[in-house]
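In this note's numbering, the protein residues as written are 1 to 228.
Read through the structure below, which is laid out as structure tokens, and then see the notes.
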Amino acid sequence: MSGKFKLSFMGFLVIGLVSVLSAAMFQTVPASKAQLLQKGAQKKFCNVCGMNLVMFYKTNCAAVVDGKEKQYCSLHCLVEDKEKNHVNPQHIKVVAVDSLKFIDADKAYFVVGSSKKGTMSMVSKYAFSTLQAASKFAAKFGGVVTDFNGALEAAKKDFSKDSHMIGKKQQKMAHMGSMIYAKKCKKIDKTFDSVAQAKAFVVSEKVCRDLNPKELQAVGLYLINCCK
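Structure below.
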């Protein structure tokens, strides 16, 4: 292999690697960096929507509900659990983007409406452990710096609009899930209470073969809608 070809080949590899990294979601972190506070077979999935908590880790929040820790992919799902399921979340924590650790929500500074994509919302909401970190992020990516109450009010304000958007996306995903289920999965006769429960069952019982996270989410959405 000539030196010129080696250089061109290495340049191609670097460009390819940069492209892959650029395409990665901002919310995603390596699994080794994520904290899963909840327990059990469903611990990797959001309690409300079932999405993978590591993939959307930077917008994760958690709360104690009926004595147990519950983890959510977003403030939207925390609001949904409270408003629709009438739970009383206590000791709320959020992931600080600057440290990737859970901190008390009341001590967090949020940037609402940055150019970074939101989770379960058209308006992003990211938490930070210090005002300096939040302000630096807002200066780079836009958005308004506020406290937890401000971010929570923004999530409540967006809730109806975001829920409509999510519903349409989930319908499409469930349709895709039906095709994946027919092609890659063993047929089961079981009903589920949540997407997280359905996904945990599919994984533990090896119902399907070779599903990536998106396909698993689609199958989970299909399973909670197909047999009710």
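For each residue, glycine too, the CB sits at the ideal point set by N, CA and C.
These figures come from a predicted structure and were not determined experimentally.
Quick check on the DSSP output: the alpha helix (DSSP H) that includes A134 runs from which residue to which? Bounds of the alpha helix (DSSP H) holding A134 are 131–141.
According to DSSP, is A155 helix, strand or coil? DSSP places A155 in helix when its eight states are reduced to three.
Expressed to the nearest angstrom, what Euclidean distance is found between the alpha-carbon atoms of I103 and A63? Note on geometry: alpha-carbon atoms of I103 and A63 lie some 11 Å from one another.
Would a C-beta distance cut-off of 8 Å place H47 and K70 closer than the cut-off? In the sequence as presented, His is not what sits at residue 47; that position holds Asn. Their beta carbons are under 8 Å apart, which means N47 touches K70 by this criterion.
Less than 7 Å between C-beta atoms, sequence neighbours within five positions excluded: which residues of the same chain meet that for K43? For K43, where only same-chain residues beyond five positions count, the Cβ hits under 7 Å are L36.
Rounded Cβ spacing between K58 and V95 (contact assumed at less than 8 Å): Going by Cβ atoms, the distance from K58 to V95 rounds to 6 Å, so yes, they are a contact pair.
When burial is assigned at 16 or more other CB atoms within 10 Å of the CB, is S22 buried or exposed? Residue placement at S22 cannot be trusted, given a pLDDT of 37 that sits under 50; what the coordinates show is reported in the next sentence. When all chains shown are included, S22 counts as exposed.
So for E205, helix, strand or coil by DSSP? Here E205 sits in coil by DSSP.
CB-CB under 6 Å to T28, same chain, minus the five flanking residues each way: which ones, in chain order? Setting aside the 5 residues that flank it on each side, T28 is surrounded in the same chain by M55, each with a C-beta closer than 6 Å to its C-beta; the list follows chain order.
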